[in-house]
Structures are given as C-alpha cells and as structure tokens.
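Here is the structure we will look at.
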Amino acid sequence: MELLAGQRIKIHPLASLERRSDLVYFDGPLLSLFENAQGEPFLFVWADVDAAANRWIAFRVTPEQLSSFLRKRITLRDLLLTPPDGYVFVSDMSGPGEFDSVWMLRVEDVPEAYLPAPDSYYEFEPTHSDVDLVALARQYHSPLLDLHLVRGKGIRFGTADVTTLGSMLRSTGELAESIAISLFAGQAVEGTTKREHARAYGQFEFVTQKAASFSAILRPLITQQNFAGFADRTSEVVDAMLGLLSATPDYAGLKEAAGKHDDPVIRHLEVFAKEVQARNIGIEVRWALPTSDMPRSAKIDPHSSTRIVDNINRLEHDESEGFWTQGVFLAVDTKLRSYRFQSAAGRESLGHFDPKLAYPITNISFKLQYRVYMNRRTAKVSGRSKPRIDETIGEMDGLSEQNL
Amino acid sequence: MRYKYQAHLDSIANCPMPHFAPRKAEAYRYVFSDSAEKSFLPVLAKNPNRALNWNDVDRCSGWALSFFTSAATARTLFESLRRLNPRIHKSLGNGIAVGQLSSGDGVSCEAERSGHFELHEYDGTELASKFSLLEALI
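Next comes the structure, spelled out in structure tokens:
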C-alpha cells in the first residue's frame, strides 16, 4: 500500500458513524454512505488492500455535495478533493468495525494512486440502504414510524417529490387515524369526544428524514407509558396498519379485515393503495420502539396495491344484489339522472339511473306504474351500523293501465 | 448436496435463497492472472475481507462466487468501478476468465439485467481447472 504523509491518530469519529447505504457494491462495498449523530453524511471510499487490511478513505461531505454527486453533476474526485473540513481520514481495516490504523491527511497529501478518475461520475444505484430505526428511536426516546419510500415517481436518494411525499404522508396519517377510531372510539375521557380521544392514538408528527432512498420518520403525537409486556394503543394502531398492508392483497385477508374494522378504515386503505398505484411507488412501513430488538414492518408496491384495490371492488360486488320491483316514481331529475321511487309495498328509495338505461327517462310519467330492475350495491364493507346503499335502475318497463 | 461453505451457510437464514437452482452456463469471472487459488474464493473467504457491515443477505451473498454472462458486461463494470477505485484490480482481479458451469457445480441465480449472477458451490467443486484466462483488464 502507499506510504501516507499524514498524522496517525488514535482518537477519531469513524467508529461512531452509522452506515446508511452502499452507493457502489460489488462483492462487498466499494463506496458507502455513513452518517454521524447529527445526520451529517460521510463517505467511505475503498482505496487499497494488502495481506493484512483494506484501506478506506473517509471524509465528511455536505448534503448539497452528496446530492450533486448522486445526480451526476460532480465527480467522486471533486468530492474527495474539496471536503468541507479540508482533510480526510485514511483507515486500514482488518474487518468490519476494526479501525486498526487511522491517519488524518490534508487533501493534497492523498496519494495520487488513490484519487478517482477525472470522469468518476456516479453510474450506479444505491443498495443496502438502511436506517437503524431502533437506534433512532432510542435517540429520540420515542417509538418511531418510518415511511420508507423505496422507489417511485419523484423518489431519489435523499429527496422526494413534494406531491408524492405529501400524498403518502396524508394517506398514511388518515389510515392510522381511522384505525385508531375503529379500535378505540368506544372509550372517552373527560373534555374530548370519543372520536377525538380515539383519533389521538393514530396521530403522528414528522420528525426528520433520512436518505435511504427517502425515509420520512414520524413520531406519535402522544406518548404512553405502559407496564412491561403491555402494548400501548399507538402500537396497536400501527400493528393493525401493518397487518392490513400485509394481509389484504389476499381476498381472504381483506374479508377478515373488513369484519374487524369500520368502513372508513377500508376506505382509507383503498385511498392509500390507489396513491401507491398512481405514483408507482414501493413503500416499506416500519415501526420501532426504543426497547425493540428489531423493527416490525410491512411492504406495499404497485402490484400488491392493485390486488388490494381489486379485492375491495370484489368485496363490494359480492355484497351487491339486483331484483325486479314495481311501483311509481315520486320525483325524477333528468339532469342529474336521479329519482325517488316508491315500490308497491310502500318502500321509498333514492338512486340514479344507470347510464346504459335504454328507456328514455324524459318520458317517465308520475301517474303510471313501472316495473324496474334495481341494482342495490352496499358500499359498506364491514360491520358499520348504518351501511351506505347505492341503488341504480338498470332496466325498466312502463306498465299499461290494464296491468295495474 | 452439501455446499462448500455449508457450516457458514447454516448460520444464515434462508441461504442459499430459494430461487437458486443448478444451471449450465458459459460464465465469465474476474480473476488474478498470477493466482488461480486466489481467483475462486468468495468474498467472505478472503482475508482480510472488504466489508464495513454485513447483514444476513450480504453474508449469504458473501459466500457465493460472482460471474457474468459475457466478457463485455464484465469489462464494462470493471471500467466503471476503476474510475471510482483506481486500485480495484487488487481486490477483484486483473483479468477475465471464461469457463463452463455445469449443474453439478452448485446452485446459481438467474442473471440480473447487468449480466451478473452468483453461484453457491457444492462441496468438492474446483472451478480453477474449468476456467481459462481470456483477457487482461489492466
């Protein structure tokens, strides 16, 4: 290996850095991104090897420099020659975490043989991206939810399109709140309504973001102290959410979930899945407590979100019915194609005419009886007490007076 | 069949992964022109190994050998790596060798779009005698 002109040091920050991602990887890392406790990025560039150790050059970069490099606007050589601190570390490592020898070097003392080429633009994709959520939860002294946008429209390493990020934060937040209401709305405390109180267990605030590809780190709005072995209510909400994302791509899983949760939960799950579809993104939702060994997680991508949406449509279709009935129209709005209809048995219903209805609705007479085919679709997909019923008239015949 | 590094694979969940299967293929690999012995060692069998952290997926992959489906894809990747790491030949090798992998050599995955694939060798497999140096990389 090359002789180094710098100063050998025993105290250095390298061992305390946490790996975020391997930016270049072939049979092991060749260029890796680390962060210090303040979230400042450091690069580890593999430089050399001999019989005893691999040699790495490590240095701090600014987030702007890192972003420019990943967008192929500057080279690795540019980064290495202009570190914001003016110096780099060179470390010989005999294994993971083994900083056998560390030198501090002025940039001009880095051996020419180790400098990347003048055209050392980034041509790879980050791999092994990792945010140590448990360590972060310990640092914040709070459970944390990681909305990890793995890929998709407007998602790059460390950056996310605002509409994609905004829509996913909103749909995740609304799903969590609806689950909390579904689970806990039966219990109230003084000064709040039952729904407000329950919703609080599913509310989160944005804490920070991590580059991995893009991780939005969220913290529960309220913290709960529990006896060991008892889950707090926000953990129950998150577990239910992870369960929904994992189980509902299967129809049986959706049916079971629909039996457990209120209708708004399934509606918000549908909105969440449609956002994933529309923006073609892959998401990993992770949850860690400061006391966890491992984060709990669930993944969803455009393929599984399509299955969730299809399953919700199928469930609604399975709960629809069609029948012939006879009666009179009490009101018809030809512009909105809506009606009020009273059956011969005296039941009144409101609904719309199917766009494919052949009968001209402008010819409807309030004095005549009609035989109509009514398609009743129950929009409720769970055990809600008052289901929403959508009725449409798909076929109809006017009955002559002799038939009355 | 036992794998060459069975004791190490036993300690890793789901390794080799289920999509690995015995396959026949023409294969290209980075090698050291002066050492056949050094040329067919998986990255974790090398000492020192080039690692900063290893999770289970990395560790499983670390006991497999890397190959390419063509010399051109191997050369292109090498040039890209060399622009960033000028001494990459000291870690990966300084040439490309070609050989025929048979289904008795081990289990491999389908090649990625880049042409790269991995092989977990069966116990007793000796690939050095099946490969010959095709071209120098530096």
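If you read the protein sequences in the order shown, they are chains A and B.
For the first sequence, the numbering used here gives the first residue as -12, with consecutive numbering after it.
For the second sequence, the numbering used here gives the first residue as 263, with consecutive numbering after it.
In this text, a Cβ means the ideal position worked out from N, Cα and C, and glycines have one as well.
Taking only beta-carbon atoms, is S369(A) less than 8 Å away from chain B? Here residue 369(A) refers to the residue found at position 382 of the first sequence. For S369(A), the predicted structure reports a pLDDT of 49, less than 50, and the residue's modelled location is therefore unreliable. A value from the coordinates is still provided. It does not: the Cβ of S369(A) has no partner Cβ on chain B nearer than 8 Å.
L231(A) burial status per 10 Å Cβ neighbour count (16 or more: buried): Position 244 of the first sequence holds residue 231(A). Buried, because 16 or more other Cβ atoms sit within 10 Å of the Cβ of L231(A).
State the beta-bridge partners of E380(B) as determined by DSSP. Your numbering for residue 380(B) matches position 118 in the second sequence. According to DSSP, E380(B) bridges with S328(B).
Rounded Cβ spacing between A34(A) and Y109(A) (contact assumed at less than 8 Å): Translated into positions along the first sequence, residue 34(A) becomes position 47. Translated into positions along the first sequence, residue 109(A) becomes position 122. In fact, because the Cβ distance is near 17 Å, the residues do not count as touching under 8 Å.
According to the neighbour-count rule (16 or more other Cβ atoms, all chains shown, within 10 Å of its Cβ), is I(-4)(A) buried or exposed? Numbered from 1 along the first sequence, position 9 holds the residue referred to as residue -4(A). Exposed, since its Cβ has fewer than 16 Cβ neighbours within 10 Å.
Measure the CB-CB distance between A84(A) and A2(A) and report whether it falls below 8 Å. Looking up residue 84(A) in the first sequence gives position 97. Looking up residue 2(A) in the first sequence gives position 15. With the sequence shown as reference, residue 84(A) is identified as Gly, and Ala is not the correct amino acid for it. Yes.
State yes or no: is the C-beta of N362(A) within less than 8 Å of the C-beta of S307(A)? Along the first sequence, read from residue 1 onward, the residue named residue 362(A) stands at position 375. Along the first sequence, read from residue 1 onward, the residue named residue 307(A) stands at position 320. Against a cut-off of 8 Å, the Cβ pair of S307(A) and N362(A) comes out as a contact.
Mind pulling the chain A residues with CB within less than 7 Å of K352(B)? As a first step, residue 352(B) must be located in the second sequence, where it is residue number 90. Within chain A, the residues near K352(B) are D35, V36.
Distance CB(S328(B))-CB(Y290(B)) smaller than 8 Å: The residue labelled residue 328(B) in the question sits at position 66 within the second sequence. The residue labelled residue 290(B) in the question sits at position 28 within the second sequence. Contact flag unset, no.
Taking the straight line between their C-alpha atoms, what separation do you get for E(-11)(A) and V97(A)? By 1-based counting over the first sequence, the position of residue -11(A) is 2. By 1-based counting over the first sequence, the position of residue 97(A) is 110. Going by the C-alpha atoms only, they are around 10 Å apart.
I'd like the span of the alpha helix (DSSP H) that includes I295(A), first residue to last. In the first sequence, residue 295(A) corresponds to position 308, counting from 1. It spans 289 to 305 - the alpha helix (DSSP H) in which I295(A) sits, taken as one unbroken run.
Burial state of T150(A) (16 or more Cβ within 10 Å): Along the first sequence, one-based indexing puts residue 150(A) at 163. Classification for T150(A): exposed.
Take the Cβ of P342(A) as the centre, count every other Cβ of all protein chains shown within 10 Å, and call the residue buried at 16 or more, exposed below. Here residue 342(A) corresponds to residue number 355 of the first sequence, with the count starting at 1. Exposed, because fewer than 16 other Cβ atoms sit within 10 Å of the Cβ of P342(A).
With respect to the beta strand (DSSP E) encompassing I380(A), which residues constitute its N-terminal and C-terminal limits? In the first sequence, counting from the first residue as 1, residue 380(A) sits at position 393. 376 to 385 is the span of the beta strand (DSSP E), which, as asked, contains I380(A).
Considering only their Cβ atoms, is the gap separating W274(A) from R266(A) smaller than 8 Å? Counting from 1 along the first sequence, the entry for residue 266(A) is found at position 279. Counting from 1 along the first sequence, the entry for residue 274(A) is found at position 287. Not a contact, by the Cβ cut-off of 8 Å.
Nearest chain A C-beta to N347(B) closer than 8 Å, yes or no? For the purposes of this step, residue 347(B) is taken as residue 85 along the second sequence, with counting starting at 1. Yes, N347(B) lies at the interface with chain A (some Cβ there is under 8 Å from its Cβ).
Could you name the residues of chain B that D106(A) contacts, counting a contact when the two beta carbons are closer than 8 Å? Taking the first residue of the first sequence as 1, we reach residue 106(A) at position 119. Per Cβ cutoff of 8 Å: R345.
Three-state class that DSSP yields for A2(A) in the structure shown: The residue labelled residue 2(A) in the question sits at position 15 within the first sequence. DSSP places A2(A) in helix when its eight states are reduced to three.
For T321(A) and I348(A), the rounded distance between their alpha carbons: Here the question's residue 348(A) lines up with position 361 in the first sequence. Here the question's residue 321(A) lines up with position 334 in the first sequence. If I take the Cα positions, the gap works out to 7 Å.
With a 10 Å radius around its C-beta and 16 neighbouring C-beta atoms as the bar for buried, classify A345(A) as buried or exposed. Locating residue 345(A) in the first sequence gives position 358, where the first residue counts as 1. Classification of A345(A): exposed, given that the 10 Å Cβ count is below 16.
Can you tell me whether DSSP reads L271(B) as helix, strand or coil? Residue numbering aside, residue 271(B) sits at position 9 when the second sequence is read from its first letter. If DSSP states are grouped into helix, strand and coil, L271(B) belongs with the helices.
Could you check whether R321(B) and I274(B) sit closer than 8 Å to each other, using their CB atoms as the reference points? Position 12 of the second sequence holds residue 274(B). Position 59 of the second sequence holds residue 321(B). Yes; because the gap between Cβ atoms is below 8 Å, this pair is in contact.
Would you tell me roughly how many angstroms separate the C-alpha atoms of L317(A) and L355(A), rounded to the nearest one? Walking along the first sequence from the start, residue 317(A) turns up at place 330. Walking along the first sequence from the start, residue 355(A) turns up at place 368. If I take the Cα positions, the gap works out to 11 Å.
Excluding sequence positions up to five away, which residues of its chain have a Cβ less than 8 Å from the Cβ of G324(B)? As a working mapping, residue 324(B) is identified with position 62 in the second sequence. Excluding sequence neighbours, G324(B) sits near P304, V305, L306, N311, A313, W316.
G160(A), enclosing alpha helix (DSSP H) - first and last residue: To locate residue 160(A), count along the first sequence from 1; it is residue 173. Its alpha helix (DSSP H) spans residues 149 to 171.
Beta carbon of L30(A), beta carbon of F46(A): below 8 Å? Stepping through the first sequence from its first residue, residue 30(A) is reached at position 43. Stepping through the first sequence from its first residue, residue 46(A) is reached at position 59. Yes, the pair counts as a contact, with Cβ atoms nearer than the cut-off.
Between S19(A) and L363(B), what straight-line distance do the alpha-carbon atoms span, to the nearest angstrom? Start at 1 with the first residue of the first sequence, and residue 19(A) comes out as number 32. Start at 1 with the first residue of the second sequence, and residue 363(B) comes out as number 101. About 32 Å.
Look up R42(A) in the DSSP assignment and say whether it is helix, strand or coil. Mapped onto the first sequence, residue 42(A) falls at position 55. Here R42(A) sits in strand by DSSP.
Taking C-beta pairs closer than 7 Å, name the residues in chain B that S88(A) reaches, listed in chain order. As a working mapping, residue 88(A) is identified with position 101 in the first sequence. What S88(A) touches in chain B: nothing, since even the nearest Cβ is about 13 Å away.
Does F76(A) have its Cβ less than 8 Å from a Cβ in chain B? Stepping through the first sequence from its first residue, residue 76(A) is reached at position 89. No, no contact with chain B.
Can you tell me whether DSSP reads D96(A) as helix, strand or coil? Locating residue 96(A) in the first sequence gives position 109, counting from the first residue. Helix, per DSSP.
Using a Cβ cut-off of 8 Å, which residues of the stretch 328 to 342 of chain B contact any Cβ in chain A, in chain order? S328, L339, S342
For G189(A), is the classification buried or exposed, using 16 other Cβ atoms within 10 angstroms of its Cβ as the cut-off for buried? As a working note, residue 189(A) is residue 202 in the first sequence. Buried, since its Cβ has 16 or more Cβ neighbours within 10 Å.
If we cut at 8 Å on Cβ distances, does P310(B) have a partner in chain A? Sequence index remark: in the second sequence, residue 310(B) carries index 48 (1-based). Yes, because at least one Cβ of chain A sits closer than 8 Å to the Cβ of P310(B).
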